[in-house]
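**Student:**
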């Protein structure tokens, strides 16, 4: 029994990580990069959309659905028709709320009519719900199958964009092949391709630009590597998976828009680390022990020490900081040390601009003139960037106000439904008109008392 409980707990933690990463990716793809309470609200709405099949189940088996959410059995005195009505209202309100929120909070700035936004919420909710159901079924099934065969499934959180997804796939493939693991690109199986296809077809374009046309799937003997938009899956023998896991996370560190953490605070720190890496990779030899980069490294380290990150995310950030520190100090990464020098040199080549030999022939006065022109251009760009950020902040605040108004309207509807359900429940002991009158008198009394206190 203890072994079975351990297996169930292990699978549960894995499913939780995958679903959490997918929720974060869904929020980013639909609403852009958001933080704070706004992200929590949108995250909760995506979770409600993912739970939509259970809400629909409540129409058929209301007591079973209620027990699934609350783990509390419904009293036999409550009419099933009342509970079914509540489930119907919630099942209709969730897609409507998703559609309105997507229409209001769209990062592209595109505004659609209210009716079109509401109707668009239903296919988006269906796409998210279908993808979650597939993952909820396939992840435990694959885990159990791997355990029976003595294999291992490792899901590495890796949130990417449509631009960084092919780069991430190339980095993983080239890294494994440099270390002697010959990989071949193959057609992904149905369980790897189905979630993305469902999101593309049922989402009606809501996820366009965030999902690759085909999932990257690589195979080498018993080792399988699958890259999702929100995770990297490694399947195979324990030793091969552990080695591939270490090589992949080391190689993926520092590349733009490839996040190995889940929380928004940790991803913001990752973004800062990626910016330093981008500057360093322009010319690694020239930027070794560069004071500006080292100073920025110290600033990020101070911020890491101050932020209360979840431990899993903290470990990732700490490891990435160590990698960045080695690079800035002119030292190779730990696993890259195992490569022959010629392989390392070929992997370290970057696409930075070549040296302009014409510049070397300029006089000091001409160089100073060009320097002043460059500084002037940089100042101008910084001012333009500050203006754009200010406009974005103002727009985000306005969107937040709209979101709060929408949340208030939904909350009013929710409270109204709760009061209606209370009236229906009281009809067991008294006439309906008397129950409604009693609830109204109670609410008026509470309102009058609050008015007197105020």
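Residue numbers (the numbering used here): 115 to 568. Beta carbons: idealized from backbone N, C-alpha and C, even for Gly.
1. Hey, quick one: how far does the alpha helix (DSSP H) through residue 340 stretch, first residue to last?
2. Does residue 385 pass the burial test, meaning 16 or more other C-beta atoms within 10 Å, or should it be called exposed?
3. For the region 395-402 and the region 327-342, state whether three or more C-beta atom pairs, one from each stretch, are separated by less than 8 angstroms.
4. Ends of the alpha helix (DSSP H) at residue 280?
5. Quick one: Cα of residue 295 to Cα of residue 345, how far?
6. Quick one: give me the first and last residue of the alpha helix (DSSP H) that residue 439 is part of.
7. Report the partner residues of residue 334 according to the DSSP bridge assignment.
8. Roughly how many angstroms separate the alpha carbons of residue 214 and residue 497, rounded to a whole number?
9. Here's a check: name, in chain order, each residue in its chain whose Cβ is nearer than 6 angstroms to the Cβ of residue 162, leaving out the five neighbours to either side.
10. To the nearest angstrom, how far is the alpha carbon of residue 251 from that of residue 177?
11. Using a threshold of 8 angstroms, state whether the C-beta atoms of residue 359 and residue 451 are closer than that.
12. Measuring only from the beta carbon, is residue 248 closer than 7 angstroms to any heavy atom that is part of the ligand HEM?
13. By the 10 Å Cβ neighbour count, where 16 or more other Cβ atoms means buried, how is residue 375 classified, buried or exposed?
14. Given a threshold of 16 other Cβ atoms within 10 Å of its Cβ, counted over all protein chains shown, does residue 234 qualify as buried or as exposed?
15. Within 8 angstroms, do at least three Cβ pairs link the region 422-439 to the region 362-374?
16. Indicate whether at least one CB of chain E lies closer than 8 angstroms to the CB of residue 286.
17. Starting from residue 406, trace the beta strand (DSSP E) in both directions and tell me its first and last residue.
18. Which stretch, first to last residue, makes up the beta strand (DSSP E) that contains residue 270?
19. If you count every other CB in all the chains shown that lies within 10 Å of the CB of residue 348, and 16 or more means buried, which is it?
20. State yes or no: is the C-beta of residue 369 within less than 8 angstroms of the C-beta of residue 247?
21. Would residue 383 be called buried (16 or more neighbouring beta carbons within 10 Å of its own) or exposed?
**Tutor:** Looking at the atomic coordinates:
1. Position 226 of the chain shown, counting from 1, holds the residue named residue 340. Careful: residue 340 lies outside any alpha helix (DSSP H), inside the beta strand (DSSP E) at 337-341.
2. The residue labelled residue 385 in the question sits at position 271 within the chain shown. Burial call: exposed.
3. no
4. Counted from its first residue, the chain shown places residue 280 at position 166. Its alpha helix (DSSP H) spans residues 278-292.
5. Taking the chain shown and counting its residues from 1, one reaches residue 295 at position 181. Taking the chain shown and counting its residues from 1, one reaches residue 345 at position 231. Approximately 21 angstroms, taken between the alpha carbons.
6. By one-based count along the chain shown, residue 439 stands at place 325. Unbroken alpha helix (DSSP H) run through residue 439: 425-442.
7. Within the chain shown, residue 334 is the residue found at index 220, counting from 1. Residue 334 is bridged to 337.
8. If you number the chain shown from 1, residue 214 lands on position 100. If you number the chain shown from 1, residue 497 lands on position 383. Near 34 angstroms, if we compare the C-alpha coordinates of residue 497 and residue 214.
9. Taking the chain shown and counting its residues from 1, one reaches residue 162 at position 48. Cβ within range, chain order: 208.
10. Translated into the one-based positions of the chain shown, residue 251 becomes position 137. Translated into the one-based positions of the chain shown, residue 177 becomes position 63. Rounded to whole angstroms, residue 251 to residue 177 spans 23 angstroms at the Cα level.
11. Taking the first residue of the chain shown as 1, we reach residue 359 at position 245. Taking the first residue of the chain shown as 1, we reach residue 451 at position 337. Taking 8 angstroms as the Cβ cut-off, residue 359 and residue 451 do not qualify as a contacting pair.
12. Annotation note on the ligand HEM: not contained in the displayed structure, which lists no ligands.
13. Counted from its first residue, the chain shown places residue 375 at position 261. Buried: at least 16 other Cβ atoms inside 10 Å.
14. Taking the chain shown and counting its residues from 1, one reaches residue 234 at position 120. The residue is buried, with at least 16 neighbouring Cβ atoms inside 10 Å.
15. yes
16. The chain labelled as chain E is not found in the depicted structure, where only one protein chain is given.
17. In the chain shown, counting from the first residue as 1, residue 406 sits at position 292. Counting along the chain, residue 406 falls outside any beta strand (DSSP E), though it belongs to the alpha helix (DSSP H) covering 405-420.
18. Counting from 1 along the chain shown, the entry for residue 270 is found at position 156. Here the beta strand (DSSP E) through residue 270 covers 266-271.
19. Reading the chain shown from its first residue, position 234 is the one you call residue 348. Buried is the call here.
20. Residue 369 sits at position 255 when you count from the first residue of the chain shown. Residue 247 sits at position 133 when you count from the first residue of the chain shown. For residue 369 and residue 247, no; Cβs fall outside 8 angstroms.
21. What you label residue 383 is simply residue 269 of the chain shown in a count that begins at 1. Buried: at least 16 other Cβ atoms inside 10 Å.
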